[in-house]
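Novice: Chains as they are written, first to last, in our numbering: chain A, 1 to 300; chain B, 1001 to 1191. All C-beta atoms, glycine included, are put in the ideal place defined by N, C-alpha and C. All values reported here derive from a predicted model rather than from experimental measurement. Quick one: structure below, then a few questions.
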Amino acid sequence: MASITRVGPHRLLRRLTRRQRLSTLLLSVVAIGFITLDLGGSGLESAHTGVRGSFGALYRGTDSVLGPARRWLQGLPSAGSNEAKLDDLRAANEQLRGQLSAAEQQRSDARQLARLGSITAVQADGASVLAARVVAIGAGEGFDWTVTLDKGSADGLAAGQTVTDGAGLVGRVLHADKTSAVVLLAADPGSGVGARDSRNGEIGISTGAGMDGFTFRPLNPDAKLKVGDQLSTGPSQDSSYLAGLAIGTITSVTTSTDGTVTAHVKPVSSPTSLDVLGVVVPAAPPDSAATDPAAGVTPR
Amino acid sequence: MTRIGLLRVIAALTAIVTALLLQGSVVAPLVAPTPVSLPAVLVAAVALVDGPGAGLALGFSAGLVADLTTRHPVGVLALAWLLVGVFCGALAVPRVEVSLGAVNPTPVRHVLMRDAVIAAVACAASSLGAALLLTALGKDGAMLTPAFAHLLPTLAGDAVLAVPVVVLARMMLRWAHLRAPAASAVVSAHG
């Protein structure tokens, strides 16, 4: 213990012992090693999955205790008006029916099940909207534009599914663990969404800009964009998002000196006040639907 | 591992998991998109009582767990919070000086205020540092302008969290089983 420096009251900065200096150096090197390893995209995925899955389950537990107080502080609508939110999601579900091929007999089944009040997901033709609640945002720090939902792969969620809040696009499922799922918000600066200007049909890429909404770049350099144009998710071939969901409204258009047109887009749904969301779950393949009649319908 | 060592590890793990859960389900939703961080404040508060050894170990492990729950490269928060732990540990006022408050001109209240300010500054700086590192790595999610724009709100948020956390950390670490062996040695050296 001879190495421990005596601390005088006037001495602000304690000297680190030799061992502490060595540990700091060593752990810094380990951390930098991890960063390099993870940037290379190797090896750490199973550790990610394990920790994320456990935390997803723990978030659900924490949210059931602290969620009501947090929602009250946040000024989010509580139980009563969540019904309205679910109605919105059901309306979005109806809209999806129009976009996807119709199959009438499912509808009466869905209505009946909905009347029974025993389901949260209503099977529509081809796809259903599964209601899920946000139980956590990001983790550790604020620069992760993700939210954790209280539904997971056990409820039919899978990576790549589109997430909506009833009004417009929210994001897509990034990872689905057994009882929880992580959603990457479309507002994430690294997230690009294929978008279409509903006035003139110009297509382009909508890139997330955090709290500033989106930046829209049309593929056609001569595209005429106007303030007030509505954007919706565009052609779905290359995009994992469902087509036809509202993204936002153009608030300003900039033309740079080289002629490139970009537009700022005000989002339909705010990325920081999300509560009950809907995940668009595609219909199960026919063979699995035959063996499991409850596919896509989740009892509460 | 000795019984006390085991107790310290269990206490540290419990503290890390609790702080991360509260961060994800309460703090982050309330302050988003400002990167106010309860786990970072906890690391700072413990280091400010227990010294650099406890600070660097707690900072690194809390950061590593937090990294594994996020989508940015593992190691960013581990490095950031490790540095928070070392920096705050280097500025630690050992327990003995505080507990001798009656004869020491520095009252406990002043030490707690000083701790809260140091913790808030260190945590806000670490958030900025992590955002800069992620931007430099070209990772999604981090942007330069918001990182600077959020600096002052983050400082304020971290300060609000730091006040109760430094008080709690000093209360918990009064219990001999949870104290760092080095800090106990300082106590005996003074005693």
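(1) From lysine 226 of chain A to glycine 166 of chain A, what does the alpha carbon distance come to, in whole angstroms?
(2) Nearest chain A C-beta to glycine 1157 of chain B closer than 7 Å, yes or no?
(3) For the alpha helix (DSSP H) that serine 23 of chain A lies in, which residues bound it at each end?
(4) Looking at chain B, which residues of the region 176-197 of chain A have a Cβ within less than 8 Å of any of its Cβ atoms?
(5) Return helix, strand or coil for glutamine 161 of chain A, following the three-state DSSP convention.
(6) Going by C-alpha to C-alpha distance, which of A/Leu58, A/Gly171, A/Asp177, A/Ala187 sits closest to glutamine 1023 of chain B?
(7) Would a C-beta distance cut-off of 7 Å place valine 129 of chain A and valine 276 of chain A closer than the cut-off?
(8) For the beta strand (DSSP E) that contains serine 206 of chain A, what are its first and last residues?
(9) At a cut of 8 Å, does the region 166-180 of chain A reach the region 54-69 of chain A through at least three beta carbon pairs?
(10) Within 10 angstroms of the Cβ of tryptophan 1081 of chain B, are there 16 or more other Cβ atoms? Answer buried if so, exposed if not.
(11) In the structure shown, what three-state DSSP assignment does threonine 1002 of chain B receive?
(12) For a test of the three-state rule: what should DSSP assign to alanine 243 of chain A, helix, strand or coil?
(13) Given phenylalanine 214 of chain A, which residues of its chain have a CB within under 7 Å of its CB, disregarding the five upstream and five downstream residues?
(14) Verify whether the separation of the beta carbon atoms of valine 973 of chain B and leucine 1168 of chain B is less than 7 Å.
(15) How far does the beta strand (DSSP E) with glutamine 74 of chain A in it reach, from first residue to last?
(16) Helix or strand or just coil, what does DSSP make of glycine 956 of chain B?
(17) Taking 7 Å as the cut-off, decide whether the C-beta atoms of tyrosine 241 of chain A and threonine 146 of chain A are in contact.
(18) Verify whether the separation of the beta carbon atoms of threonine 254 of chain A and arginine 217 of chain A is less than 7 Å.
(19) Please state the DSSP three-state secondary structure of arginine 1109 of chain B.
(20) Measure the Cβ-Cβ separation of alanine 1045 of chain B and alanine 1122 of chain B and say whether it is below 7 Å.
(21) Taking the C-alpha atoms as reference points, what is the distance between alanine 136 of chain A and valine 1049 of chain B?
(22) Run through DSSP, which three-state label would valine 135 of chain A get?
(23) Could you have a look at arginine 1008 of chain B and say whether DSSP puts it in helix, strand or coil?
(24) What do you reckon, are the CB atoms on leucine 1144 of chain B and threonine 1135 of chain B nearer than 7 Å?
(25) Could you list which residues in chain A have their beta carbon closer than 8 Å to that of leucine 1082 of chain B, in chain order?
(26) Using the beta-carbon count (16 or more within 10 Å), is threonine 1014 of chain B buried or exposed?
(27) Please confirm if the region 1021-1038 of chain B is in contact with the region 69-76 of chain A, defined as three or more CB-CB distances below 8 Å between the two stretches.
Specialist: Put simply:
(1) As a position in the first sequence, residue 226 of chain A is number 226, starting the count at 1. As a position in the first sequence, residue 166 of chain A is number 166, starting the count at 1. Approximately 26 Å between the Cα atoms of the pair.
(2) For the purposes of this step, residue 1157 of chain B is taken as residue 157 along the second sequence, with counting starting at 1. Answer no: the Cβ-Cβ gap between glycine 1157 of chain B and chain A never drops below 7 Å.
(3) The residue labelled residue 23 of chain A in the question sits at position 23 within the first sequence. Serine 23 of chain A -> alpha helix (DSSP H) spans 18-39.
(4) Residues of the region 176-197 of chain A with a C-beta less than 8 Å from any C-beta of chain B: Val182, Leu184, Asp188, Pro189, Gly190, Ser191, listed in chain order.
(5) In the first sequence, residue 161 of chain A corresponds to position 161, counting from 1. Note: glutamine 161 of chain A maps to coil in three-state DSSP.
(6) Start at 1 with the first residue of the second sequence, and residue 1023 of chain B comes out as number 23. Minimum Cα-Cα distance from glutamine 1023 of chain B among the listed residues A/Leu58, A/Gly171, A/Asp177, A/Ala187 corresponds to A/Leu58.
(7) On the first sequence, residue 129 of chain A is found 129 positions in, with the first residue counted as 1. On the first sequence, residue 276 of chain A is found 276 positions in, with the first residue counted as 1. Contact: no.
(8) Counting from one through the first sequence, the residue named residue 206 of chain A turns up at place 206. Note, serine 206 of chain A: beta strand (DSSP E), 203-208.
(9) yes
(10) Translated into positions along the second sequence, residue 1081 of chain B becomes position 81. Around the CB of tryptophan 1081 of chain B, 16 or more other CB atoms lie within 10 Å, so the residue is classed as buried.
(11) Here the question's residue 1002 of chain B lines up with position 2 in the second sequence. DSSP places threonine 1002 of chain B in coil when its eight states are reduced to three.
(12) Walking along the first sequence from the start, residue 243 of chain A turns up at place 243. In this structure, alanine 243 of chain A counts as coil in the three-state DSSP scheme.
(13) For this step, residue 214 of chain A is matched to residue 214 along the first sequence. These residues qualify, in order along the chain: Ser206, Thr207, Gly208, Ile247, Gly248, Val265, Pro267.
(14) Nothing about residue 973 of chain B can be reported from this structure: the residues present for chain B run from 1001 to 1191 only.
(15) Along the first sequence, one-based indexing puts residue 74 of chain A at 74. Glutamine 74 of chain A -> not in any beta strand (DSSP E); alpha helix (DSSP H) instead, spanning 45-74.
(16) What is shown of chain B runs 1001 to 1191, which leaves residue 956 of chain B out entirely.
(17) The residue given as residue 241 of chain A occupies position 241 in the first sequence. The residue given as residue 146 of chain A occupies position 146 in the first sequence. With a cutoff of 7 Å on beta-carbon distance, tyrosine 241 of chain A and threonine 146 of chain A are scored as not near each other.
(18) For this step, residue 254 of chain A is matched to residue 254 along the first sequence. For this step, residue 217 of chain A is matched to residue 217 along the first sequence. No. Outside cutoff.
(19) As a working mapping, residue 1109 of chain B is identified with position 109 in the second sequence. If DSSP states are grouped into helix, strand and coil, arginine 1109 of chain B belongs with the helices.
(20) Taking the first residue of the second sequence as position 1, residue 1045 of chain B is located at position 45. Taking the first residue of the second sequence as position 1, residue 1122 of chain B is located at position 122. No, Cβ-Cβ distance for alanine 1045 of chain B and alanine 1122 of chain B is not below 7 Å.
(21) The residue given as residue 136 of chain A occupies position 136 in the first sequence. The residue given as residue 1049 of chain B occupies position 49 in the second sequence. Cα to Cα, alanine 136 of chain A sits roughly 30 Å from valine 1049 of chain B.
(22) For this step, residue 135 of chain A is matched to residue 135 along the first sequence. Strand.
(23) On the second sequence, residue 1008 of chain B is found 8 positions in, with the first residue counted as 1. Of the three classes helix, strand and coil, the one that applies to arginine 1008 of chain B here is helix, per DSSP.
(24) Here residue 1144 of chain B is taken as the residue at index 144 of the second sequence, counted from 1. Here residue 1135 of chain B is taken as the residue at index 135 of the second sequence, counted from 1. Yes. Within cutoff.
(25) One-based indexing of the second sequence puts residue 1082 of chain B at position 82. Ordered by position in chain A, the residues that pass the 8 Å Cβ test against leucine 1082 of chain B are Thr24, Leu27, Ser28, Ala31.
(26) For the purposes of this step, residue 1014 of chain B is taken as residue 14 along the second sequence, with counting starting at 1. So threonine 1014 of chain B counts as exposed.
(27) yes
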